[in-house]
Amino acid sequence: MSGLFITFEGGDGVGKSTQVRLLADHLASQGHTVVTTREPGGTQLGQEIRNIVLHHRGDIAPRAEALLYAADRAHHVSTLVRPALERGEVVLQDRYFDSSIAYQGAGRILDGDEIKNISLWATGDLIPDLTILLDLDPAAARVRLDADDKVFDRLENEKQEFHARVREGFLALAAAEPHRWLVLDARAPREEIAAAIQIRVGSLR
Ligand code: TYD
Numbered sequence: 033m034s035g036l037f038i039t040f041e042g043g044d045g046v047g048k049s050t051q052v053r054l055l056a057d058h059l060a061s062q063g064h065t066v067v068t069t070r071e072p073g074g075t076q077l078g079q080e081i082r083n084i085v086l087h088h089r090g091d092i093a094p095r096a097e098a099l100l101y102a103a104d105r106a107h108h109v110s111t112l113v114r115p116a117l118e119r120g121e122v123v124l125q126d127r128y129f130d131s132s133i134a135y136q137g138a139g140r141i142l143d144g145d146e147i148k149n150i151s152l153w154a155t156g157d158l159i160p161d162l163t164i165l166l167d168l169d170p171a172a173a174r175v176r177l178d179a180d181d182k183v184f185d186r187l188e189n190e191k192q193e194f195h196a197r198v199r200e201g202f203l204a205l206a207a208a209e210p211h212r213w214l215v216l217d218a219r220a221p222r223e224e225i226a227a228a229i230q231i232r233v234g235s236l237r
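Add 32 to a position in the sequence shown, counting from 1, and you land on the number used in the working numbering.
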């Protein structure tokens with residue numbers, strides 16, 4: 033596989049989609065073919081799963097939730113991400129299995145290694161070349177989300193302590209695999225963040 037697979041992670045409201053767009057523009061201007069996508073919901077089937085995991089009324093059992101994200105991921109990787117990488121394209125993806133480990137693991141019911149293994153099975157062991165963590169204190173992220181004035185989904189409605197555990201989860205993942213991760217302070221100006229990302233991506237090729 034000769035393409036480049038870059039994923040973006042972080043809590044809700046940290047500016048991932050903006051950075052995906054800025055990096056996509058930058059790489060496209062250099063002549064790369066860039067695919068931007070996201071989880072959950074990067075495919076049509078994924079949209080249906082996204083609707084369940086984010087908007088289902090009532091509880092979803094933790095293992096069922098983990099498997100729904102994994103099902104979305106399996107279909108997404110098989111039908112969209114892998115084919116693009118095999119064509120030699122750059123795939124920029126908003127969230128991947130590290131989100132499952134940080135979010136589904138933050139409920140304290142499921143074990144991070146088990147969740148990761150489910151995703152590895154689901155994707156045939158597809159690991160990103162680079163994962164960018166936009167790190168932000170959940171209280172600051174909440175202020176941004178409130179300013180957005182949109183309806184909260186199930187996960188955005190979780191309590192502050194849950195989001196603090198998600199953040200710690202991401203930081204622990206990044207610390208365990210520093211060669212795969214780039215951790216950036218999401219409070220920095222967006223152009224500064226974009227420049228730091230471009231430098232690291234440039235060093236990959
Ligand atoms: P989304 O609307 O895509 O928002 P954003 O990425 O901007 O926060 O929300 C996706 C939500 O799904 C987000 O709260 C994190 C959650 N999620 C998981 O819990 N597990 C996963 O494996 C993935 C991919 C997402």
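Each residue gets a CB set at the ideal place from its N, CA and C atoms; glycine is no exception.
If you're wondering where the values come from, they're calculated on a predicted model, not measured in any experiment.
In its own chain, which residues sit with a C-beta less than 8 Å from the C-beta of residue i, not counting the 5 before and 5 after it?
| i | result |
| --- | --- |
| residue 202 | 41, 42, 43, 130, 134, 165 and 167 |
| residue 192 | 170, 171 and 174 |
| residue 35 | 116, 117, 118, 119, 120, 121, 122 and 123 |
Please determine whether the Cβ atom of residue i lies at a distance below 8 Å from any heavy atom of the ligand TYD.
| i | result |
| --- | --- |
| residue 178 | no |
| residue 86 | yes |
| residue 51 | no |
| residue 132 | yes |
| residue 48 | yes |
| residue 136 | yes |
| residue 105 | yes |
| residue 202 | no |
| residue 37 | no |
| residue 72 | yes |
| residue 158 | no |
| residue 127 | yes |
| residue 144 | no |
| residue 45 | yes |
Return the chain-ordered list of same chain residues with a C-beta closer than 6 Å to the C-beta of residue i, the five sequence neighbours on each side being excluded.
| i | result |
| --- | --- |
| residue 136 | 98, 142 and 147 |
| residue 150 | 102 |
| residue 194 | 138 |
| residue 68 | 52, 56 and 124 |
Which residue's Cα is closest to the Cα of residue i: the options?
| i | options | result |
| --- | --- | --- |
| residue 111 | 39, 208, 78 and 215 | 78 |
| residue 94 | 138, 105 and 75 | 138 |
| residue 163 | 91, 105, 217 and 124 | 124 |
| residue 236 | 205, 122, 208 and 222 | 122 |
| residue 105 | 58, 157, 195 and 207 | 157 |
| residue 177 | 47, 82, 207 and 127 | 47 |
| residue 211 | 62, 80, 232 and 155 | 232 |
| residue 155 | 140, 119 and 113 | 113 |
| residue 205 | 223, 82, 81 and 132 | 132 |
| residue 153 | 109, 223 and 58 | 109 |
| residue 90 | 189, 221 and 199 | 189 |
| residue 80 | 63, 62 and 100 | 100 |
| residue 92 | 196, 186 and 209 | 186 |
| residue 234 | 221, 96 and 214 | 214 |
Excluding the five sequence neighbours on either side, which residues of its own chain have a C-beta within less than 7 Å of the C-beta of residue i, listed in chain order?
| i | result |
| --- | --- |
| residue 107 | 75, 77 and 78 |
| residue 60 | 66 |
| residue 126 | 40, 48, 49, 52 and 70 |
| residue 228 | 216 |
| residue 160 | 37, 38, 39, 128 and 212 |
| residue 72 | 78, 81, 82, 85, 101 and 104 |
Got a sec: does the ligand COA put a non-hydrogen atom nearer than 8 Å to the Cβ of residue i?
| i | result |
| --- | --- |
| residue 222 | Questions concerning the ligand COA fall outside what the structure shown contains, since the ligands it does hold are the ligand TYD. |
Inset, instruction - Check whether the region 82-90 touches the region 50-66, counting contact only when three or more Cβ pairs, one atom from each stretch, lie closer than 8 Å. - result: no
Threshold first: 3 residues or longer. Then list the beta strand (DSSP E) segments lying entirely within the region 81-147, N to C.
122-126
Fill in: 3-residue-minimum beta strand (DSSP E) runs that sit fully inside the region 200-230, ordered along the chain
213-217
Problem set entry | Inside the region 149-193 only - beta strand (DSSP E) runs reaching at least 3 residues | 162-167
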